[in-house]
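In the numbering used here, each number is its position in the sequence shown, counted from 1, plus 295. C-beta: ideal position from N, C-alpha, C; glycine also. Fair warning: this is a prediction, and the values are worked out from it, not measured in the lab.
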Amino acid sequence: MECKVCLEERAPKGPVLRLFEVSLEEVKKRLEGFSFSYRVSLSGIDLFFCSRNELKKAKELLRPFVYSEGPPLEEAVGKRLKELGLTLSCAESCTGGLVSARVVNVPGSSAYFKGGVVAYANELKVSLLGVPEELISRFGAVSRPVCHEMLEGLRRRFKTDCGIAVTGIAGPGGSERKPEGLTYVGVYAKGKQVILKRVFKGERNEKRFLSSQTALFYLLKLLER
C-alpha cells in the first residue's frame with residue numbers, strides 16, 4: 296500500500312473523505328492497495344485521493360466512519376436536517392454550549408436549530424430539564440441515567456425531532472470510579488436513541504471538542520439510517 300503523511304500547513308489538493316471514530320490502523324487495513332495521503336486531527340482523519348473514482352471505492356469500504364467529502368461535520372449535519380425537514384435542540388453540561396455554537400456557525404441553521412440549554416450546575420439540570428434530584432444523588436451528574444433524563448427534558452421542553460445531550464468531566468478532576476474525561480453523549484433522532492460512554496484524553500478544551508464531535512457524528516449517523 297502506498298500511503299504518505301501530510302505534513303504541509305495547507306491541506307493537499309484532491310478529493311477528500313472525512314472520517315471519525317476509526318483508527319488510522321483500521322483505515323490502512325481496509326484500504327490496502329489504495330494510494331492516498333492523510334491528515335489526523337481532533338476532527339478525525341482526512342483522506343486525500345488522486346481521483347473521485349478512488350474516493351468512491353474507499354467510501355464504500357469506510358462507510359460507517361464517513362461524515363463528509365469536505366465540509367465540516369456541523370455542515371453535514373445541517374444539510375441532512377434540512378433535507379429531512381427535522382428540528383434539533385441541545386442540552387449541554389461539560390461542553391458549555393459548544394455543540395450549539397458549532398451548529399449555529401452554519402449559515403441557515405435557524406431552519407432547523409430551535410435552541411439549547413447549558414445546564415452546567417446540577418440545580419439547572421433539575422429546574423430546566425426536569426432531571427430528578429434523586430437520580431443525580433444516586434448516580435451522579437455524569438452518568439447514563441442523567442444523560443437519558445437530559446434527553447427526555449429536551450423532548451418535553453423543546454419538542455424537537457432530534458436532540459443532543461452531553462454530560463462529562465472535562466477536567467481537571469475526576470476519581471478512580473469516574474476518571475477525568477468520562478463523558479456520556481446522548482442523541483435521539485427518527486425514533487431512535489443512543490447513549491455513548493467515552494473517556495476522552497487530552498487538554499480540557501480538546502475533550503470538550505471531542506464530546507461535541509462525537510455528538511454531531513452520531514446524530515448524523517442516526518439521520519442517515
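Have a look at GLY391 and PRO467 and give me their C-alpha separation to the nearest angstrom. Position 96 of the sequence shown holds residue 391. Position 172 of the sequence shown holds residue 467. So the alpha carbons of these two residues sit roughly 15 Å apart.
Pull up the DSSP beta-bridge partners for VAL311, would you. Here residue 311 is taken as the residue at index 16 of the sequence shown, counted from 1. For VAL311, which the question treats as bridged, DSSP gives the partners PHE343.
Between ARG347, VAL311, LEU326, which has its C-alpha nearest ARG334's C-alpha? By one-based count along the sequence shown, residue 334 stands at place 39. Residue VAL311 is the option with its Cα nearest to ARG334.
Suppose contacts are defined by Cβ-Cβ distances below 8 Å. Is ILE459 in contact with VAL482 by that definition? Taking the first residue of the sequence shown as position 1, residue 459 is located at position 164. Taking the first residue of the sequence shown as position 1, residue 482 is located at position 187. The answer is yes: Cβ separation under 8 Å.
Could you spell out where the beta strand (DSSP E) holding VAL489 opens and where it closes? For this step, residue 489 is matched to residue 194 along the sequence shown. Per DSSP, VAL489 belongs to the beta strand (DSSP E) from 487 to 494.
Decide yes or no for the touch test of the stretch 399 to 407 against the stretch 437 to 444: beta carbon pairs closer than 8 Å, at least 3 of them. no
Close-in-space but distant-in-sequence residues of the same chain around ARG347 (CB under 7 Å, 5 per side omitted): On the sequence shown, position 52 is the one that residue 347 refers to. Excluding positions up to five away in sequence, the list reads PRO310.
Mapping DSSP to helix, strand and coil, what is THR462? Here the question's residue 462 lines up with position 167 in the sequence shown. In this structure, THR462 counts as strand in the three-state DSSP scheme.
Extent of the continuous alpha helix (DSSP H) to which VAL394 belongs: Your numbering for residue 394 matches position 99 in the sequence shown. Taken as a continuous stretch (DSSP letters only), the alpha helix (DSSP H) holding VAL394 covers 393 to 399.
In DSSP terms, what THR382 is bridged to: The residue given as residue 382 occupies position 87 in the sequence shown. THR382 is not bridged to any residue.
For LEU326 and ALA353, what's the separation of their Cα atoms in angstroms? Taking the sequence shown and counting its residues from 1, one reaches residue 326 at position 31. Taking the sequence shown and counting its residues from 1, one reaches residue 353 at position 58. One C-alpha to the other measures close to 7 Å.
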